[in-house]
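Asks:
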Amino acid sequence: MTPDDINARFLAMKAASRQELAPDHATRLQHLTALRRLILDHRKALGAAISEDFGQRPQAETDLAEVFPSLQEIAHARRHLGRWMRRRPVAPGIWFRPGRAWVQPQPLGVVGIVVPWNYPLQLTIGPLVGALAAGNRAMVKLSEHALAFAALFAQLAPDYLPQDRVAVVTGGPETGMAFSALAFDHLLFTGSTAVGRRVMAAAAANLVPVTLELGGKSPALIAPDARLDHAVARIMAGKMLNAGQTCIAPDYVLLHRDHLDQFIAKAKGWVERHYPKLETNPDYSRIINDAQFARLTAALEAAQAGGAEILPLSTAPADPARRMMPPVLVTGAEGPLAEDEIFGPILPVVPYDDLRTAVAYITARPRPLAFYPFTESAETRDLLLASVSAGGVTVNDTLLHVAQSGLPFGGVGPSGIGAYHGQAGFERMSHLLPVFAQSRINGADWLAPPYGARFRALMRLMLR
Numbered sequence: 001m002t003p004d005d006i007n008a009r010f011l012a013m014k015a016a017s018r019q020e021l022a023p024d025h026a027t028r029l030q031h032l033t034a035l036r037r038l039i040l041d042h043r044k045a046l047g048a049a050i051s052e053d054f055g056q057r058p059q060a061e062t063d064l065a066e067v068f069p070s071l072q073e074i075a076h077a078r079r080h081l082g083r084w085m086r087r088r089p090v091a092p093g094i095w096f097r098p099g100r101a102w103v104q105p106q107p108l109g110v111v112g113i114v115v116p117w118n119y120p121l122q123l124t125i126g127p128l129v130g131a132l133a134a135g136n137r138a139m140v141k142l143s144e145h146a147l148a149f150a151a152l153f154a155q156l157a158p159d160y161l162p163q164d165r166v167a168v169v170t171g172g173p174e175t176g177m178a179f180s181a182l183a184f185d186h187l188l189f190t191g192s193t194a195v196g197r198r199v200m201a202a203a204a205a206n207l208v209p210v211t212l213e214l215g216g217k218s219p220a221l222i223a224p225d226a227r228l229d230h231a232v233a234r235i236m237a238g239k240m241l242n243a244g245q246t247c248i249a250p251d252y253v254l255l256h257r258d259h260l261d262q263f264i265a266k267a268k269g270w271v272e273r274h275y276p277k278l279e280t281n282p283d284y285s286r287i288i289n290d291a292q293f294a295r296l297t298a299a300l301e302a303a304q305a306g307g308a309e310i311l312p313l314s315t316a317p318a319d320p321a322r323r324m325m326p327p328v329l330v331t332g333a334e335g336p337l338a339e340d341e342i343f344g345p346i347l348p349v350v351p352y353d354d355l356r357t358a359v360a361y362i363t364a365r366p367r368p369l370a371f372y373p374f375t376e377s378a379e380t381r382d383l384l385l386a387s388v389s390a391g392g393v394t395v396n397d398t399l400l401h402v403a404q405s406g407l408p409f410g411g412v413g414p415s416g417i418g419a420y421h422g423q424a425g426f427e428r429m430s431h432l433l434p435v436f437a438q439s440r441i442n443g444a445d446w447l448a449p450p451y452g453a454r455f456r457a458l459m460r461l462m463l464r
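Residue numbers (full-length UniProt numbering): 1 to 464.
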């Protein structure tokens, strides 16, 4: 689609959204059911397209990290949609009774969704569920870095959803910025902080409200009392998924200095057990493209030049031709590895001497998208939760808060604006219309001019 085509489609959808009544419960269920059928009918083809884009990503990983969460989100919305759509009574102030008040969810209109490349299915379906459940129309801009998936999804979507309800847009960065500049009723973007700033600036020209799902350096903090074997296993599992190309992947680990050598040995053992013969292992994902591989390689070289120690977790060599990057730990990291979101299988390890120092290390940096505290003490857990601000938290594991449809998912500060999933997504993509219905019996006329003795008596009561 050309920019003119995109604009024409948007204007038609916006005009339609202004003319229709809010879709009823049955219509919204129909749209959600169609999304479910699209995924189930083409699960293997979608997985193959994603694997083609990466050069290798196992179907099992796509099923676990994309298909399952997408189907779960749809099921949760279908189950709770009727309750979400209902009017929500609100008690009016005592001076306004017997009038009634309520909040009535309304569709916003046309929602724009900008999808990244790392989990293209999940991060298309999740926002779409919120948009369609709330009764909106949606335009979806797919990533130019996942071309096979984008082409397949754009081909499939019209077979399941009316094109005046969901429009799929493909194209490069120029198309993306033109898309972001449309006067949507809401714009949800998932991607890097740098691009998020540009998207927000484009949306601001039309005062479009935004939800930005960004990233940042999400820390895992292992308290001295944590089960180290468990912490290593769950941190490595979260880091190795999709070869670290996950916005909520553990970005660095803080652990007590006395446990550093044990952590390194246990992490290496975990990789050897779970990814034997890494160079030919079919369960290990590739880096998405040459540019990302070169960025990660340069970051490692810069850290090593600055005095960092690179600790390979596998004997497999890096293979630029196949974009196979083996996992490594890094101690003493400086430069990009210490400052920027890594988005790859590189895990800096930062030793600390006491918990207070570890917390200060996190809080001195921009607020992350996720935080992973490991501790066996409820007191320590509560202290860490009270001390660290992050978009979301999983305690004694990684990633799993994002899979809870009942929890909002989003960032805070530089890691994002707004949240969605489940009811939070429905409400994010709705206008929660406040309504006050005046009773036939009321005292409003007593407060109208002329302001005489009766008015003054009432005001004395009201202002007490």
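Each residue gets a CB set at the ideal place from its N, CA and C atoms; glycine is no exception.
(1) Going by the CB atoms, is the gap between isoleucine 287 and methionine 325 shorter than 8 Å?
(2) Since valine 412 is in the alpha helix (DSSP H), which residue starts that stretch and which ends it?
(3) Can you tell me whether alanine 437 is buried or exposed, with buried defined as 16 or more other CB within 10 angstroms of its CB?
(4) Determine the extent of the alpha helix (DSSP H) in which tyrosine 252 is found, giving its start and end residues.
(5) Is it buried or exposed, isoleucine 342, if we count other Cβ atoms within 10 angstroms and call 16 or more buried?
(6) Which of the three DSSP states, helix, strand or coil, is assigned to glutamate 379?
(7) Contact between the region 367 to 383 and the region 215 to 223 is defined here as three or more beta-carbon pairs at a separation below 8 Å; is this criterion met?
(8) Could you tell me the distance, in whole angstroms, from the CA atom of alanine 321 to the CA atom of leucine 21?
(9) Going by DSSP, what residues sit across from threonine 190 in a beta bridge?
(10) From histidine 401 to glutamate 213, what does the alpha carbon distance come to, in whole angstroms?
(11) Can you check which of these residues, Arg28, Arg36, Pro69, Pro98, is closest to proline 441 by C-alpha distance?
(12) Tell me whether valine 195 sits in a helix, a strand or coil according to DSSP, three-state version.
(13) So, for leucine 182: in the same chain, excluding its five sequence neighbours on each side, which residues have a beta-carbon less than 6 Å away from its beta-carbon?
(14) Label asparagine 206 either buried or exposed according to how many other C-beta atoms from any shown protein chain fall within 10 Å of its C-beta, with 16 as the threshold for buried.
(15) Evaluate contact between the region 170 to 180 and the region 137 to 144, counting only Cβ atoms and requiring at least three cross-stretch pairs below 8 Å.
(16) Could you give the first and the last residue of the continuous beta strand (DSSP E) run that contains phenylalanine 68?
(17) Within 10 angstroms of the Cβ of phenylalanine 68, are there 16 or more other Cβ atoms? Answer buried if so, exposed if not.
(18) My guess is that valine 349 and valine 253 are in contact by the Cβ rule of under 8 Å, so how many angstroms apart are they, rounded?
(19) CB-CB under 8 Å to proline 366, same chain, minus the five flanking residues each way: which ones, in chain order?
(20) Consult DSSP for isoleucine 264 and reduce its assignment to one of helix, strand or coil.
(21) Alpha carbon to alpha carbon, how far is arginine 456 from serine 439?
(22) If you check the beta carbons only, do residue 466 and proline 162 fall under 8 Å apart?
(23) Threshold first: 4 residues or longer. Then list the alpha helix (DSSP H) segments lying entirely within the region 116 to 157, N to C.
(24) CB-CB under 8 Å to aspartate 290, same chain, minus the five flanking residues each way: which ones, in chain order?
(25) What do you get for aspartate 353, buried or exposed, if any count of 16 or more other CB atoms within 10 angstroms of its CB means buried?
(26) What number of angstroms, rounded off, separates the C-alpha of glutamate 73 from the C-alpha of glycine 422?
(27) Return the residue from the list Ser389, Ala131, Lys44 that minimises the CA-CA distance to aspartate 63.
(28) Could you give the DSSP three-state label for arginine 100: helix, strand or coil?
(29) The alpha helix (DSSP H) with tyrosine 352 in it runs from where to where?
(30) Sort Ala360, Asn396, His259, Val210 by Cα distance to proline 351 and report the nearest one.
(31) What do you reckon, are the CB atoms on histidine 25 and serine 405 nearer than 8 Å?
(32) Distance check for threonine 170 and leucine 29, CA to CA, integer angstroms please.
(33) Given a cut-off of 8 Å on the beta-carbon distance, is the pair leucine 38 and tyrosine 119 in contact?
(34) Is there at least one non-hydrogen atom of the ligand ATP closer than 7 Å to the beta-carbon of glutamate 339?
(35) What is the DSSP secondary structure of tyrosine 420, reduced to helix, strand or coil?
Replies: Considering the structure as presented:
(1) yes
(2) Taken as a continuous stretch (DSSP letters only), valine 412 belongs to no alpha helix (DSSP H), as it is neither H nor E.
(3) exposed
(4) Element bounds for tyrosine 252: not the alpha helix (DSSP H) but the beta strand (DSSP E), 252 to 256.
(5) buried
(6) helix
(7) Touching, per the Cβ criterion.
(8) Alanine 321 and leucine 21: Cα-Cα distance of roughly 54 Å.
(9) Glu213
(10) 15 Å
(11) According to the sequence displayed, residue 441 carries isoleucine and not proline. Ranking Arg28, Arg36, Pro69, Pro98 by Cα distance to isoleucine 441 puts Pro98 first.
(12) The three-state secondary structure of valine 195, taken from DSSP, is helix.
(13) Phe10
(14) exposed
(15) yes
(16) Note, phenylalanine 68: premise wrong, no beta strand (DSSP E); alpha helix (DSSP H) at 68 to 85.
(17) exposed
(18) 5 Å
(19) Gly216, Lys217, Gly413, Pro414, Ser415
(20) helix
(21) 23 Å
(22) For the chain, the structure presents residues 1 to 464; residue 466 sits outside this window and is missing.
(23) 122 to 133
(24) Pro320, Arg323
(25) exposed
(26) 7 Å
(27) Nearest of Ser389, Ala131, Lys44 to aspartate 63, Cα basis: Lys44.
(28) strand
(29) Careful: tyrosine 352 lies outside any alpha helix (DSSP H), inside the beta strand (DSSP E) at 346 to 352.
(30) His259
(31) no
(32) 27 Å
(33) Going by C-beta atoms, leucine 38 is not nearer than 8 Å to tyrosine 119.
(34) The ligand content of the structure shown is nil, which means the ligand ATP is not present either.
(35) strand
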